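There are 2 protein chains.
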Amino acid sequence: MPPEPQITTATGKGPDEISGFERALESLTHGADLRVWSVIVTLFGDLARNPGDQISGACLGQLTDLMGIKPQAMRVALHRLRKDGWISSEKTGRTSKYQLTKSGLEQSQTAGARIYAQHATNPDSFQILVAQPMPVANRTMLDQTLARHGHVVIAPGVYLGAATSGPQPEECFMVQGAAGSVPDWLRTMLAPEMIAQGYAQLETTLHEVTAILDDKANLTPAEVATLRTLIVHSWRRLLLRHADLPDSFFPANWRGPQCRVLLANLLDHLKRPELAGLSP
Amino acid sequence: MPPEPQITTATGKGPDEISGFERALESLTHGADLRVWSVIVTLFGDLARNPGDQISGACLGQLTDLMGIKPQAMRVALHRLRKDGWISSEKTGRTSKYQLTKSGLEQSQTAGARIYAQHATNPDSFQILVAQPMPVANRTMLDQTLARHGHVVIAPGVYLGAATSGPQPEECFMVQGAAGSVPDWLRTMLAPEMIAQGYAQLETTLHEVTAILDDKANLTPAEVATLRTLIVHSWRRLLLRHADLPDSFFPANWRGPQCRVLLANLLDHLKRPELAGLSP
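Taken in sequence, the protein lines are chains A and B. The first sequence begins at 16 in my numbering and counts up one residue at a time. The second sequence begins at 16 in my numbering and counts up one residue at a time.
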């Protein structure tokens, strides 16, 4: 009788040797098409979004290696992020240190306020902006400008946001105050099917990771940093692609709120490591 | 040398014989294309909009005769208004009495609140309604429904009104509160050129009538009722064809506010006569 075939994973180890970290990593990256530059944006936003925070090239290399990102892919991503003015680097001897630029810090902190919020936004005041009739090309530009202030298009040239979303653009008429009940067509408009499915999948993943980490919690600081980055990244790429409106504006089967709770628990469990403790 | 040709008016009298009433009448009806049924709606709304108020056929005949409306035209108009459920009539012997129906009373009182208001509406709270995407035909129906509640279309499927305008229709999303500054494109949209011109013309007319009545005030109750009807009618047909929004929502050259002041002074001067004193 031949021996049972050895079950192996991508790391080449047998099932008994697979660590909690590896199982969590597998759950978080399975089927995900990670854009390296975007993961690095999340990484800096999670670990180094205070002025003066720096991450060494060696540390970056270690964390991205743990994620299965190849050195060449990381170098390309860092080059792009420097060129885009998102990060800057300084070299001392053979050591490179990377940090967010002023603009990168500002944008990370703005996004961070939404990403790490314990509760969904729940303003008691909203604003609707109505733009004057204009050619589609101009309106598309206005759509983009207002999206940056947190407004979402709910009809051509009509924008909805929290009352704190931003100033009234000169060409728009605004009414600001309480919102009436949210009709189903608006819920559907605010909750694109792809993002709804993404949240449903993320909920499953975060449940898995929670179970894995409850089971085995022997993680190195670098492993904690790696998992945090991947968890925040999977949340961020859904969250920042839909309107920042209260949970009550989304359909009943929208799993965003559940993901937020799972995320908060996981990040509470995986405390953000000190940068100093990370450098290999 | 032949005698100078005698200047005559439609009444066949010489200029010295033209009364203040006739001059005011000429000013109010000159160039106006009066729809008889609509004038009668104004007449009932001004003189007989309380439950139980009745106007005799003889009195109606006298007032419309003073306006230069032919008996046949009045009979056609009364027939139409009865058929439309606006007025009802009862006959005792040779005497007919006319009165507003329940629906006619309600609509007269609703319109009256706006027509006779001493000041333009000035709510501190407005509402914008946004309808779901729908075929144009359905939207046109919604436009009409919401117009009856005082909402004005400011973009396709987007409605603006005072916060008291009415309930939130099921299919619309609503935000209700303070309005921002009113951009020029919206002022222009709210003030159709034809109505703007109408107000400018009405202002001139009301100035003329004011001057005439200041000069000669010997009017019979029937003449007072006739002039009131024509004055209110000329105001009503402009007022009810534009949005019920504060003066600050209209262009600087919009003469609605000036007309409102002139109207109030004239109606104060031409006190509404008792119905009993009118019957010939």
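Glycine included, every Cβ here is placed at the ideal spot set by N, Cα and C. Note that the structure is a prediction, hence the values are computed from the model and not measured.
First through last residue of the beta strand (DSSP E) which encompasses residue i
i, result
"T107 (chain B)", "I102 to T107"
"T110 (chain A)", "T110 to L115"
Per DSSP, cross-strand counterpart(s) of residue i
i, result
"C274 (chain B)", "Per DSSP, none; premise fails for C274 (chain B)."
"L144 (chain A)", "A:Y174 and A:M189"
"L249 (chain B)", "Here the sequence assigns Ser to residue 249 (chain B), which means Leu is not the residue at that position. S249 (chain B) pairs with nothing; no bridge assigned."
"T53 (chain B)", "According to the sequence as given, residue 53 (chain B) is Ser; it is not Thr. In the DSSP output, where bridge partners are listed per residue, S53 (chain B) has none listed."
"S71 (chain B)", "B:K112"
"V167 (chain B)", "B:L175"
"A194 (chain B)", "A:V190"
Member of the options whose CA lies at the smallest distance from the CA of residue i
i, options, result
"R252 (chain A)", "A:P171, A:A126 and A:L228", "A:A126"
"V276 (chain A)", "A:S263, A:T225 and A:L242", "A:T225"
"D68 (chain B)", "B:A128, B:Y113 and B:A279", "B:Y113"
"F264 (chain B)", "B:I33, B:T110 and B:F141", "B:F141"
"H134 (chain B)", "B:E289, B:T79, B:N280 and B:K286", "B:N280"
"R50 (chain A)", "A:R90, A:A73, A:I33 and A:P66", "A:R90"
"L6 (chain B)", "A:L157, A:F188, A:D262 and A:Q183", "Look at the range of chain B in this structure, 16 to 295, and you will see that residue 6 (chain B) is not part of it."
"W200 (chain B)", "A:M149, A:A237, A:W250 and A:A215", "A:M149"
"V168 (chain A)", "A:P261, A:T179, A:Y214 and A:M204", "A:M204"
"A283 (chain B)", "B:A240, B:G271 and B:D259", "The amino acid at residue 283 (chain B) is misidentified as Ala; the sequence shows Asp. Closest by alpha carbon: B:A240."
"A215 (chain B)", "B:L254, B:D99 and B:D80", "B:L254"
"S180 (chain B)", "B:P171, B:G165, B:A194 and B:G172", "B:G165"
"R95 (chain B)", "B:S53, B:A128 and B:R287", "B:S53"
"S103 (chain B)", "B:A88, B:T110, B:R109 and B:G119", "B:G119"
"S123 (chain A)", "A:G172, A:Q159, A:T110 and A:F59", "A:F59"
"A47 (chain A)", "A:H248, A:D262 and A:R287", "A:H248"
"G213 (chain B)", "B:W269, B:A258 and B:A162", "B:W269"
"D259 (chain B)", "B:G108, B:E121 and B:A162", "B:A162"
"A194 (chain B)", "A:Q183, A:V197 and A:S196", "A:Q183"
"S42 (chain A)", "A:A88, A:E223, A:L144 and A:M209", "A:E223"
"W101 (chain A)", "A:P288, A:D158 and A:L115", "A:L115"
"I70 (chain A)", "A:K286, A:P198 and A:K106", "A:K106"
"L93 (chain A)", "A:G72, A:R109 and A:G108", "A:G72"
"R144 (chain B)", "B:L157, B:D80 and B:V173", "It should be pointed out that residue 144 (chain B) corresponds to Leu in this sequence rather than to Arg. Of B:L157, B:D80 and B:V173, the residue nearest in Cα terms is B:V173."
"R38 (chain A)", "A:P288, A:L242 and A:P66", "A:L242"
"R287 (chain A)", "A:R64, A:E32 and A:I33", "A:R64"
"Q159 (chain B)", "B:P66, B:R97, B:P86 and B:R256", "B:R256"
"C274 (chain B)", "B:L157, B:R97, B:A132 and B:D80", "B:A132"
Delimiting residues of the alpha helix (DSSP H) encompassing residue i
i, result
"P86 (chain B)", "P86 to K98"
"T44 (chain B)", "G35 to T44"
"D199 (chain B)", "D199 to L205"
Anticipated Cβ contact below 8 Å, residue i with residue j, distance rounded
i, j, result
"L228 (chain B)", "G35 (chain B)", "6 Å"
"L62 (chain A)", "L234 (chain A)", "The pair is not a contact, with the Cβ atoms about 15 Å apart (cut-off 8 Å)."
"W250 (chain B)", "I130 (chain B)", "7 Å"
"E186 (chain B)", "A152 (chain B)", "Not really, about 15 Å apart at Cβ, beyond 8 Å."
"P138 (chain A)", "A178 (chain A)", "6 Å"
"R202 (chain B)", "P266 (chain B)", "5 Å"
"I246 (chain B)", "L278 (chain B)", "7 Å"
"L75 (chain A)", "T244 (chain A)", "L75 (chain A) to T244 (chain A), Cβ: 11 Å. No contact."
"T44 (chain B)", "G83 (chain B)", "7 Å"
"P261 (chain B)", "T136 (chain B)", "6 Å"
"V190 (chain A)", "V190 (chain B)", "6 Å"
"L81 (chain B)", "A237 (chain B)", "6 Å"
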